[in-house]
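Taking my numbering, the leading residue of the sequence shown gets 1203, the next gets one more, and so forth.
Beta carbons are placed, not taken as given, at the ideal position from N, Cα and C, and that holds for glycine.
Everything on this sheet refers to the single structure shown next.
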Amino acid sequence: MISIKPNNALVDGNYTGMVLDPLDGNSDDLPYIATSIDATAKGDEVCIADSSQAINYTKSKQVYSSVGGNFIQGLNFALCVNGKIAPGKYRGSLDVNFLVE
1203 MISIKPNNAL
1213 VDGNYTGMVL
1223 DPLDGNSDDL
1233 PYIATSIDAT
1243 AKGDEVCIAD
1253 SSQAINYTKS
1263 KQVYSSVGGN
1273 FIQGLNFALC
1283 VNGKIAPGKY
1293 RGSLDVNFLV
1303 E
């Protein structure tokens, strides 16, 4: 299992978007990050609130199941906008955890 825990607030009413904090004091419209596993997911699809293409940050997600062997799993991070974003610097962080049983 893989779980992704955002260290920033979630977008209001959206379990798949993590708000980026402004470093310059601007707090109007803020960008946010949405994460997907499927490389075919497009940014616009991933950025829709609670998109089925994005990982729900409040739940764990099984990404691979096998007895033995190795696997490689990529995570895609989409930069999403909510309104008009002011130029500036923004920061956010996520914890990614893997449970191997």
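According to the neighbour-count rule (16 or more other Cβ atoms, all chains shown, within 10 Å of its Cβ), is residue i buried or exposed?
| i | result |
| --- | --- |
| Gln1255 | buried |
| Pro1208 | buried |
| Gly1290 | exposed |
| Ile1257 | buried |
| Leu1232 | buried |
Out of the options, which has the shortest C-alpha to C-alpha gap to residue i?
| i | options | result |
| --- | --- | --- |
| Ser1253 | Gly1219, Glu1303, Leu1296 and Ile1206 | Gly1219 |
| Ile1287 | Asp1223, Ile1204 and Leu1212 | Asp1223 |
| Ser1229 | Asn1284, Ser1205 and Val1302 | Asn1284 |
| Thr1237 | Gly1215, Ala1251 and Tyr1292 | Ala1251 |
Mind checking who residue i pairs with in its DSSP beta bridge?
| i | result |
| --- | --- |
| Val1298 | Ile1206 |
| Tyr1292 | Pro1224 |
| Asn1278 | Ser1238 |
If you draw a straight line from the alpha carbon of residue i to that of residue j, how long is it in whole angstroms?
| i | j | result |
| --- | --- | --- |
| Leu1296 | Thr1242 | 22 Å |
| Glu1247 | Glu1303 | 32 Å |
Exercise for the section: Can you check the segment 1207 to 1255 for any alpha helix (DSSP H) of at least 4 residues that lies completely inside it and give the ranges in chain order? Expected result: 1245 to 1249
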